[in-house]
Amino acid sequence: MRFTPRLSYAHRSASFFGALAALSFLTLGANPSNGSLGPTGTSVKWTGTATGTGGADEAACVDGVNCDTFSLVVSGTPTDWAAAKRLIDIKAEWTNQVNDYDLYIHKDSNAGPVVASSGTGAPGTKEEATIDPSKSGTGTYTVHIVYYAVTPQIDQPKGSATVIPMPTVPTRNAIYGRLGMSFSSNTTVKAPVTESDGEPSSRTDAQGNHYIAGIRGVPAGVDLWYFDLRPGSRGYDPKMRNPIYRSQPDSFTGLDVASLGADGGGDVDLAVGFGGDGPNNVPNLAFSSLVAANISTARSQDLGNSFTLNPIGNVTGGVPADDRQWLEFFGPKTVYMFYRTLEPAVTMIQRSTDGGLTYGPARTAGQIGQAGSIAVDKRDGTVYIAGSNGQIAVGIPDPVTGEPLSYTVRQAASDPNGVAHIFFVTKVADDGTLYVCYSNGQNIYLKHSFDKGVTWSLPVRVNNGPNNVTCMMPWMATGPVPGSVGIVYYGTASPANNDTATWKVFYAQTFNATADTPTIHLDPVSDHYIHYGPISESGLEVTGAGHNRNLLDYFQISFDPLGAAVIGYTDDHNDFTGNCFVTRQLTGLGISGTALPTPQEGPDLPAFAPLSTDGSQVVDFPMDVANGLLAVIPNRDPLDILSIKYTAEGTGADRAIVARMKVSDLSKLGSLMNWRMNFTANALYAGLNGTQQYSNGLSDSGDQFYLKASTDATGAAAYEWGTGARLPDGSMSYTKVGAATGSIDKTNNTITVQVPIAALNPLVTHGPPIGSGSMLCGFRGQAYTSVSGSIRRDGTRGGTVYKVP
């Protein structure tokens, strides 16, 4: 999938002279290969020299063949650039609009973090992005131009970097405050087999049926959970502590038999009908899942217990090869689906009249960038779609068919730093007021229109305060009262989206969004920090270019029947990768403007249950070993992890950290098998979450270690220990340090590995040595084979904590 213009900052500093010295070690393809700019400079220019085409992304291209690099040294200090109020505008330009080049800007080298990027696709003759050295730092930047689809050696891109004044965008002022909004302890939802379920789509219907879906990736499919938020029901779950797993709506085989993958998993979006339509007057639940070739669709009329599937989805009226679909209902049965084609990225809008199962012919609004969101006016059926270039396309329903047959494109917002960090979101309120919400890479802004997008208000900054310095990935929902809007986003106290940023989820609420000076109430949503380090804005890179996308690209908010905000978000603070977490507003004003009642759980809601009964800090689903890419055979297996328990045992110099992994069956122990158990010392904010199901500690911020058992080709066991680290692409790397001691107990189905604390402590760099009182977290495990071409694996979610006695 291609990416759209986005910008992220990575705050690093390098001396000007050190950066110049580094240039001699770089292999560069542009002509000239390098240049420099200071805050009082003008511009530098260069020409591309690559000879080929077909650079799918940075990882797939070869400098000099289908991409080239220009090195830009930015002199001065960040303070100098801030005082001068200057930015650097970087362009790649060409003459033939059929040619397609992509622009990436890195800090330090092409292996460093992406600071800005632009890849809007053909037709076009320019890619452009802006960097702010006052935030992303001075020193070396590399401008990497990828020859995505071009006529080789003809119409070479002309590059330029120009010092420009920092533009100012007129804004409205706001009054900021807090109303004492609090949220339930954040619950993580879990599914068998997968270690990853992120980018949640979440919806709550008017009755209080809440759904949240997360993606595993194509072709592994999508997982769905249900929460009962119906006030007065016997299973009422206002603290969202009882997720009910609804399996995989797009699964080829279902949950009760051997799994063979699913019809989708690339993107997911849900929508709920306005008014009952199914049995027992249950509102329709529309479902869509992105496949490589198309978008599969489905409909449920029984609270997500079962789905009627339509694997061909959008293809009946649209085109195959698509990206980023969005759904929205108009009434109980009509659903609009908005997506874009692959290059060139052309908008497609299709209508369903059967609750989201089948879709009619596609209409288009042309090119407006990456698909941002869709909204439908409940009063008259006007359809609005949003694109990453800040445009809104407006479709007025045809008086005969009731469906928009054409769309008018209008500019809703612009910003020197772009408006797609990551999605440009639109919603329409019950009174017809149209809103857009976006991040410019630093702040969240809200605008409105009273005339269907013809004219727009000035933007108002949503975020405020020392913990909201850099904010990204906003989403919003509107309330029933005119001017009522709720916005969620990721925020950090860091001045930039950098390597040491610690992120939380925030909720902003206003009841007079259209006022000249609106009042905005802000409170944190997440009860822990959900991510450590930069958030990627590069979108999906098919071959992987080294950016941490564990939080993926978006998360959502809805409101329950009482007006409480219900939020599902992605979080990787305690896991190998990103997973879905949920929470509900408990106190303060609901979006209708009235105080939320004290939550009273339904009498049939299951009682609280501890994570384990034997003290294990990690618990996993039984019989969920994946065989190959997709297949899951529900059998007992030596790689089928059930639990992991960590302890400190021994005394004096022999005191050791011990990890015991329990699996379902070691009688079938084979060759080339591996069992690895992770833990972290000195993690920031280590402690047990209020749900008592996981640790709050940011595992990536501490000293990470692993213990491992393995069998060789003959079946003989060996044991080792080492260090772990989160790589820039979001995956984990492991470095063996030495041999450990361990045992494999076939009677009790346990693998035990231990290492002396005295051996660990020389490698502890993030805090005091491990000893009495140390809080360990980051507990998780993986089991896998090393047989080439026959990969079998199981992995766990992150666990709780252990305090060394």
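Heads up: the sequence shown begins at 58 in the numbering used here, then just goes up one per residue. Idealized CB from N, CA, C, for every residue including glycine. Just so we're clear, the structure is a prediction, and the values are computed from it rather than from any experiment.
- Separation of glutamine 750 and leucine 643 (C-alpha to C-alpha, rounded to the nearest whole angstrom) is 20 Å.
- Counting only runs of 3 or more residues that sit fully inside the region 227 to 265, the beta strand (DSSP E) segments are 232 to 234 and 255 to 261, in chain order.
- DSSP, read as helix, strand or coil, puts valine 720 in strand.
- Exposure of glutamate 706 is indicated by the presence of fewer than 16 other C-beta atoms within 10 angstroms of its C-beta.
- One alpha carbon belongs to lysine 484, the other to glycine 388, and they sit about 16 Å apart.
- Rounded to the nearest whole angstrom, the C-alpha separation of arginine 229 and aspartate 508 is 19 Å.
- Rounded to the nearest whole angstrom, the C-alpha separation of valine 203 and glycine 321 is 29 Å.
- Taking all protein chains shown into account, aspartate 802 has fewer than 16 neighbouring C-beta atoms within 10 Å of its C-beta and is therefore exposed.
- Residues of the same chain with a CB within less than 8 Å of the CB of tyrosine 546, apart from the 5 flanking positions on each side, are Ser496, Ile501, Val519, Asn520, Cys528, Met529, Met530, Pro531, Trp532, Val562, Phe563 and Ala565 in chain order.
- Bridge pairing for tyrosine 396: Met405 [DSSP].
- Beta-bridge annotation (DSSP): glutamate 777 is paired with Lys765 and Ala796.
- The beta carbon of alanine 796 sits closer than 7 Å to those of Tyr776 and Glu777, all from its chain and outside the five residues before and after it, given in chain order.
- Using a Cβ distance threshold of 8 Å, glycine 838 and isoleucine 701 count as a contacting pair.
- Per DSSP, the beta-bridge partners of glutamate 385 are Tyr393.
- The beta carbons of asparagine 156 and threonine 225 sit no closer together than 8 Å.
- Taking the C-beta atoms as reference points, tyrosine 492 is found no nearer than 8 Å to valine 457.
- Judged by DSSP in its simplified three-state form, lysine 215 adopts strand.
- Counting along the chain, the unbroken beta strand (DSSP E) around lysine 148 starts and ends at 143 to 150.
- If the five residues before and after proline 691 are omitted, its C-beta is found closer than 6 Å to the C-beta atoms of Met680, all from its own chain and listed in chain order.
- Taking a C-beta distance under 8 Å as the contact criterion, serine 345 and glutamine 382 qualify as a contact pair.
- A contact between stretches requires three or more CB pairs, one per stretch, nearer than 8 Å, and the region 715 to 732 fails this requirement with the region 631 to 641.
- 8 Å or more divides the Cβ of proline 660 from the Cβ of proline 401.
- Assigned with DSSP and collapsed to three states, aspartate 379 falls in strand.
- Between valine 348 and alanine 270, the gap from beta carbon to beta carbon reaches 8 Å or more.
- Bridge partners of lysine 164 according to DSSP: Tyr198.
- Residues of the same chain with a CB within less than 6 Å of the CB of lysine 725, apart from the 5 flanking positions on each side, are Pro695 in chain order.
- Excluding the 5 residues flanking it on each side, glycine 856 has same chain C-beta neighbours closer than 6 Å at Gln674, Val675 and Phe836, in chain order.
- The distance from the Cβ of glycine 744 to that of asparagine 753 is about 5 Å, consistent with a contact at the 8 Å cut-off.
- One thing to note: glutamate 115 has its Cβ no nearer than 8 Å to the Cβ of alanine 149.
- Going by beta carbons, cysteine 637 and threonine 627 fall inside the 8 Å limit.
- The way I'd put it, the region 275 to 289 doesn't touch the region 328 to 341; fewer than three beta-carbon pairs between them come closer than 8 Å.
- For isoleucine 425, same chain residues with a beta-carbon under 7 Å away, outside a window of 5 residues either side, are Thr404, Gly444, Asn446, Gln448, Ala450 and Val466 in chain order.
- Taken through DSSP and simplified to helix, strand or coil, alanine 443 comes out as strand.
- For tryptophan 138, the secondary structure class from DSSP, reduced to helix, strand or coil, is helix.
- By the C-beta density criterion, arginine 291 is exposed, having fewer than 16 other C-beta atoms within 10 angstroms.
- Straight through space, the alpha carbons of valine 812 and alanine 738 are spaced by roughly 14 Å.
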